[in-house]
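Participant: Sequential numbering from 765 applies to the sequence shown in our numbering. Glycine included, C-beta positions come from ideal geometry on N, C-alpha and C.
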Amino acid sequence: MSDNQNLLAEQRRALILDEVRRRGGVRVNELTRRLNVSDMTVRRDLDALTRQGLVEKVHGGAVPVAEPSTHEPGFEAKSTLEPGAKEDIARAAAAMAAPGSAIALSGGTTTYTLAQHLLEVPDLTVVTNSVRVADVFHAAQPPGPSGAARPGAATVVLTGGVRTPSDALVGPVADRAIASLHFDVLFLGVHGISVEAGLSTPNLAEAETNRRLMRSARRVVVVADHTKWGTVGLSSFATLDEVDTLVTDAGLSSRTRADMAEHVPGLLVAGPDGPVDEPGAGV
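1) Thinking C-beta only, is Val954 closer than 7 Å to Val984?
2) With a threshold of 7 Å on Cβ separation, who are the neighbours of Glu851 within its own chain once the five nearest residues in sequence on each side are excluded?
3) Within 8 Å, do at least three Cβ pairs link the stretch 1017-1026 to the stretch 770-787?
4) Are Gly935 and Ala969 touching if we call contact CB-CB under 7 Å?
5) Of the choices His823, Ser930, Ala857 and Ala943, whose alpha-carbon is the least far from that of Val891?
6) Could you check which residue in Val885, Ala773, Val949 and Gly997 has the C-alpha nearest to that of Val986?
7) What does DSSP give as the partner residues of Phe725 in its beta bridges?
8) Using a Cβ-Cβ cut-off of 8 Å (strictly less than) and excluding sequence neighbours within five positions of His902, which residues of its own chain qualify?
9) Nearest-angstrom Cα distance between Arg976 and Asp939?
10) Per DSSP, Lys821 is paired with what?
11) In angstroms, rounded to a whole number, what distance separates the CA positions of Leu888 and Leu1031?
12) Out of curiosity, what's the CA-to-CA distance linking Gly1035 and Lys992?
13) Is there a C-beta anywhere in chain C that falls below 7 Å from the one on Arg787?
14) If I'm right that Val900 touches Asp931 with Cβ under 8 Å, what's the distance once you round it to whole angstroms?
15) Is Asp782 helix, strand or coil when you go by DSSP?
16) So, at 7 Å on beta carbons, what are the nonlocal neighbours of Ala857 in its own chain, with the 5 sequence-adjacent residues on each side left out?
17) Kindly indicate which residue of Asp1013, Thr1003, Ile780 and Arg1019 has the alpha-carbon position closest to the one of Ile853.
18) Measure the alpha-carbon distance for Val822 versus Phe947 and round it to whole angstroms.
19) Using 8 Å for Cβ pairs, my map puts Val819 next to Val827. What's the rounded Cβ distance?
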């Protein structure tokens, strides 16, 4: 098979995978019509995606691989996923933090990457329930000779709470601390995002803490790479209409971007060459 044919197969399978995640399942006859290929070609593509563990074949089609809605990967496991996309998203999101403003960062590997870019923004007050995020600022901004904070260093407020596998602090202690605060922008990482389920997490306590974070923010910015699309955790904590801006990466298909733009006022697609505002979705 030529390189050109290989590329076409990869493109086809990417389209099939996006359709499975977006709709929750597809039928072979639908794919043959949409892709204008034979039944045998579609079945080979589904076999390849099944071997990669990306879909599950069923009679007449395929569905997403079933994962328990309570499954919560640890921080280290998640940090190895989509590092390039997270870097692009973090760079674009950091531009939304104004010097001297009060911001909040939830737990997650994307917000952890974002924290490293926010080190360049002076005089921030950072509220976070992420131990990892707090460590980023602590390690990068040692005190001056007299023990006082260096000029321009961020003031970091770390909530208390019970630690989750992703190193977020959640529960009543965190909720009470957040409820008494107010910040200009919340940068929110998510486990899953979809039109039907909105924003979701496998952790019930984290769902409530995320709700509190959103209530305390004047503006909510979700930072999520394309693999979060179609994932649904145990507990939904917000609808897409409650999000002001979604910052994602170029891996999100154009069809999914259109779906998102119907619900989220601001859709920013980050890439190596800089972010792109989607038409009709101002930030």
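Facilitator: Reading it off the structure:
1) The answer is no: Cβ separation not under 7 Å.
2) Thr877
3) yes
4) yes
5) Answer by Cα proximity: Ala943.
6) Scanning Val885, Ala773, Val949 and Gly997 for the CA closest to the CA of Val986 turns up Val949.
7) Absent from the model: residue 725. The displayed extent of the chain is 765 to 1047, so no value can be given.
8) Val920
9) 6 Å
10) Ala826
11) 24 Å
12) 17 Å
13) Structure shown: chain C not included; a single protein chain is present.
14) Not confirmed; about 12 Å, so no contact.
15) DSSP, read as helix, strand or coil, puts Asp782 in helix.
16) Leu878, Phe951, Val985, Val987 and Val1011
17) Asp1013
18) 48 Å
19) 7 Å
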